[in-house]
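Structure record follows, encoded as structure tokens.
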Amino acid sequence: MEVTEQWWTLASAGLLLVGLGVLADQLVFLAAAAGLGAWLLGAAITASQSFAAQQRQLTIEYTLATTEIFVDTAAELTLRVSRPPETAQEPIVIDAELPPGISAETESPSVALQAGETTQTTTCTISSSVVGRFEFPPATISIGDRYQLYKVALPYTETPTLTAQPHTPELHIGQGGTGVQSAYGQHRSDRPGPGVTTRELREYVPGDDVQQIDWNATARLGETYVRETEGETDRRTLLIVDHRNRMATGTDGGTMLEYAREVAGGIAQTAAEHGDPLGFRAVGSQGITTQITAGTTPQTYSRIESALYSLQLTAETSTEGTRSAPQARRLATRLDGDTSRFGTVLGAYVGDQTQYVQRFRADPLVSTVRQVHANGGGEGLIVIVTSDKDPVKLQEAVKTAIHGDSRILVFITPHCLFEPPALSDLDALYERYREFEEVRRDLERHPRVSAFEVAPSSRIQQVLAHRQAAAISTQ
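Be aware that the sequence shown starts at 2, since it is given in our numbering, and climbs by one per residue.
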């Protein structure tokens, strides 16, 4: 409880009376000062009791019309205060603050109840121009006494939370241009995001049931593929999301990072719906930027969701090459005996296998997977969401992940499908997509690995339709 300026004025008057009483040797001044002090003390006791009663009987409704919006769309924030008539003798002010990233068309909402008033409501329209999860700070309850001598400021902590999601075009998750089916369905139209696939496409091996052959994929890819269904089981899931600068490719509101966030958000939501233990690692240019231990509590799922919406791109710190180990060994053999300065320097670089291994271990994604296994978190399902910029190191990360008994899902955003469209280059774009498809299929040759492409649906349909039209025209 604090005192007001009016209290200080009366207190100063009391001190003046004491001074006059001493100087004039008059008890009447001292008695007046004592009476004023007693009255101030009594008023303090009464105010304290009144403030406590006000806090107990005050009803505050601090709500949002919706807890999820798209960026740059509006939501209505309501602040309503009510109290019984017997506690309406003192004025009350409720001030609410907006979190950073949230803006209002008017000032922050505030409600003032004058003495005698029992209810008041205010609303304001808010929005966010950035993606994220926003927790509103506590509102402040300011109560004064009837004599304007004392006041108190109390926090109101039951505040709302708002999630702003990006405007993401229709999402394609698939293999070889064919979208995978979702066992859990799609979100409602007002809640964007993908389901999590439990059906996978892989190459046919002897012994597979002929009824599992996917003839559409087989005809399109030129090799026999089967589609197998994975049973629904509770599992420990670790979600690893790459948010390095390589995920920046794409249009405003449709970058690879935003698509990766949608995929990861769908996985997190499905894990929460099924009560599966879920852990999280975010990978930046320097390594792990966010680490959340696997759990099944609502708090764990909420923390992971909040972390996903808070991901920002990190700058790249390395431009090292991506030569594979066999390539390095072949080049070292060719350079053996080359006494030129160039051959000596390059031969030492590619011939030092320790240096080669250290380059891989220094890669943030590879080192993250290694750390997961070192800490005993490599069991169950490991989900990696990244790009195809560095396929050799992605291959190494997957090889590291399968050292345990875990199942691996890799969701990859192909650069070629996020770059600005150029209709005259669709032939070249299709060739680049074929190169990506080879990378994806190489990943699936590892045991217990399923790899998927993540891209704008309209973009991949455009590429495949152009290729089909070109094939027809040449017939």
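For every residue, glycine included, the Cβ atom is placed at its ideal position computed from N, Cα and C.
- In this structure Thr122 does not touch Ala75 by the C-beta definition: roughly 18 Å separates them, more than the 8 Å allowed.
- The straight-line gap separating the alpha-carbon atoms of Ala14 and Gln300 is approximately 55 Å.
- With a 10 Å radius around the Cβ and a threshold of 16 neighbouring Cβ atoms, Gly381 comes out buried.
- Between the alpha carbons of Arg262 and Asp277 lies a distance of about 19 Å.
- A straight line joining the alpha-carbon of Ala398 with that of Gln287 spans about 16 Å.
- Following the DSSP letters along the chain, one finds Gly296 inside the beta strand (DSSP E) bounded by residues 288-296.
- Residue pairing by DSSP places Arg81 opposite Glu62, Thr122 in a beta bridge.
- Between Gly102 and the set Asp96, Leu465, Val72, Thr88, the nearest pair of CA atoms involves Val72.
- Counting along the chain, the unbroken beta strand (DSSP E) around Leu410 starts and ends at 408-414.
- The way I'd put it, the stretch 428-444 doesn't touch the stretch 234-254; fewer than three beta-carbon pairs between them come closer than 8 Å.
- Between the alpha carbons of Ser49 and Met2 lies a distance of about 8 Å.
- Excluding five sequence positions before and after Gly180, the CB atoms of its chain that fall closer than 7 Å to its own CB belong to His173, Ile174, given in chain order.
- DSSP, reduced to helix, strand and coil, places Glu454 within a strand of the structure shown.
- Residue state for Ile461 is assigned as helix, using DSSP reduced to three classes.
- With contacts defined as CB atoms closer than 8 Å, Leu314 and Leu279 fail to qualify as a contacting pair.
- Straight across, the Cα-Cα distance linking Lys400 with His447 is about 8 Å.
- Distance from the CA of Arg468 to the CA of Asp428, rounded to the nearest whole angstrom, comes to 7 Å.
- If you look at Gln176, you'll find it in the beta strand (DSSP E) that goes 172-176.
- Of the residues assessed, Pro365 falls on the buried side of the cut-off, its CB having 16 or more other CB atoms within 10 angstroms.
- The DSSP-derived three-state label of Ser111 is strand.
- In its chain, beyond the 5 residues on either side, Thr141, Ser143 have a beta carbon closer than 6 Å to the beta carbon of Ala154.
- For Glu397, there is no enclosing beta strand (DSSP E); the residue is part of the alpha helix (DSSP H) that begins and ends at 392-402.
- Taking the Cα positions, Tyr157 is about 5 Å away from Pro139.
- Under DSSP, Arg134 forms a beta bridge with Thr164.
- In this structure, the straight-line span from the alpha carbon of Glu420 to that of Leu312 is close to 21 Å.
- Put simply, the stretch 55-64 does not touch the stretch 36-46. Fewer than three CB pairs are less than 8 Å apart.
- In its chain, beyond the 5 residues on either side, Ile409, His447, Pro448, Arg449, Val450 have a beta carbon closer than 7 Å to the beta carbon of Ile403.
- Rounded to the nearest angstrom, the Cβ distance from Tyr260 to Thr414 is 6 Å, consistent with a contact under 8 Å.
- In terms of Cβ geometry, Ser388 and Met257 form a close pair [threshold 8 Å].
- Arg435 counts as exposed, since fewer than 16 other C-beta atoms from the protein chains shown sit within 10 angstroms of its C-beta.
- Where Ser311 is concerned, there is no enclosing beta strand (DSSP E), because DSSP gives it neither an H nor an E.
- Cβ-Cβ separation between Ile95 and Ser111: approximately 7 Å, consistent with a contact (criterion under 8 Å).
- Here Ser104 is exposed, its C-beta having fewer than 16 other C-beta atoms within 10 Å.
- The beta carbon of Tyr205 sits closer than 7 Å to those of Ile214, Thr225, Tyr226, Val227, all from its chain and outside the five residues before and after it, given in chain order.
- Across the structure, Lys394 and Glu306 are spaced so that their CA atoms are roughly 27 Å apart.
- In this structure, Val284 is the residue among Val284, Leu309, Ala452 with its C-alpha nearest to the C-alpha of Arg371.
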